[in-house]
Amino acid sequence: MSMRATTIAMMLGSAVLVAAPVWAGHRLQFIWNASASVPMGLYRVEPVDRINVADIAVVMPPEPLAGFLAERGYLPNGVPLLKRVLALGGQTVCRRGTAILVRGLTFGHARERDSRGRPLFVWQGCGVITDGEVFLMNWDAADSFDSRYFGPLPLTSIIGRAVPVWTTDSTSPAPDVSGEADHREP
Numbered sequence: 002m003s004m005r006a007t008t009i010a011m012m013l014g015s016a017v018l019v020a021a022p023v024w025a026g027h028r029l030q031f032i033w034n035a036s037a038s039v040p041m042g043l044y045r046v047e048p049v050d051r052i053n054v055a056d057i058a059v060v061m062p063p064e065p066l067a068g069f070l071a072e073r074g075y076l077p078n079g080v081p082l083l084k085r086v087l088a089l090g091g092q093t094v095c096r097r098g099t100a101i102l103v104r105g106l107t108f109g110h111a112r113e114r115d116s117r118g119r120p121l122f123v124w125q126g127c128g129v130i131t132d133g134e135v136f137l138m139n140w141d142a143a144d145s146f147d148s149r150y151f152g153p154l155p156l157t158s159i160i161g162r163a164v165p166v167w168t169t170d171s172t173s174p175a176p177d178v179s180g181e182a183d184h185r186e187p
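Residue 2 is where the sequence shown starts when you use our numbering, and the numbers rise one by one after that.
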């Protein structure tokens, strides 16, 4: 098979994998991530009965966040986010200046403005993530719009766990937040 035919076959196969669950009326089974927030590529969406720190969560943003994401052009309504889990109930998350810390370790920095120069949410201090909440942050992507700006989200906003099938690159090792809660049931 020629390179062109192989490429076309792969593209059609990917389209079928992504669209088949929609046609069949079933839950989302695969998702293509085109954002640099987590490695770009194809992910299998697994049901989630328990979420762990470092998992890639498939999140349906609740209002008013969903409206804000659409208004800013970050993400259309009805499209889920893929975000890493950084902290769960019982863990303390701090923002000192621009640094985001868990257990005193810096996992990234927040920006004051987005890529278009628009101001982003700013908060300071420390807070304990409550049971029933999750703090999502893609520590490999400095420009990811995540909990470093919008804060923790309800665990119920997680609709699945994303498992890489084929991606363009790899992420950093999982954060070590041992000694604190490392999993929760949504």
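Cβ atoms here follow ideal geometry from the backbone N, Cα and C, with glycine treated the same way.
Within 9 Å, strictly: CB atoms of residue i and residue j
i       : j       : result
Leu-137 : Pro-153 : yes
Arg-112 : Leu-102 : no
Leu-83  : Ser-36  : yes
Pro-1   : Ala-71  : Only positions 2 to 187 of the chain appear in this structure, which leaves residue 1 out of reach.
Val-49  : Leu-29  : no
Arg-114 : Arg-73  : no
Buried or exposed by the 16-neighbour rule on C-beta atoms within 10 Å, applied to residue i
i       : result
Pro-65  : exposed
Pro-40  : buried
Arg-149 : buried
Arg-85  : buried
Gly-161 : buried
Asp-144 : exposed
Asp-147 : buried
Ser-116 : exposed
For residue j and residue i, believed in contact at Cβ under 8 Å, the rounded distance
i       : j       : result
Arg-96  : Trp-140 : 14 Å between Cβ atoms; not a contact.
Val-135 : Ile-52  : 7 Å
Gly-68  : Thr-169 : The pair is not a contact, with the Cβ atoms about 30 Å apart (cut-off 8 Å).
Cβ pair count under 8 Å reaching 3, the region 89-96 against the region 125-135 = yes
Touching by the beta-carbon criterion (3+ pairs, under 8 Å), the region 47-65 and the region 159-171 = yes
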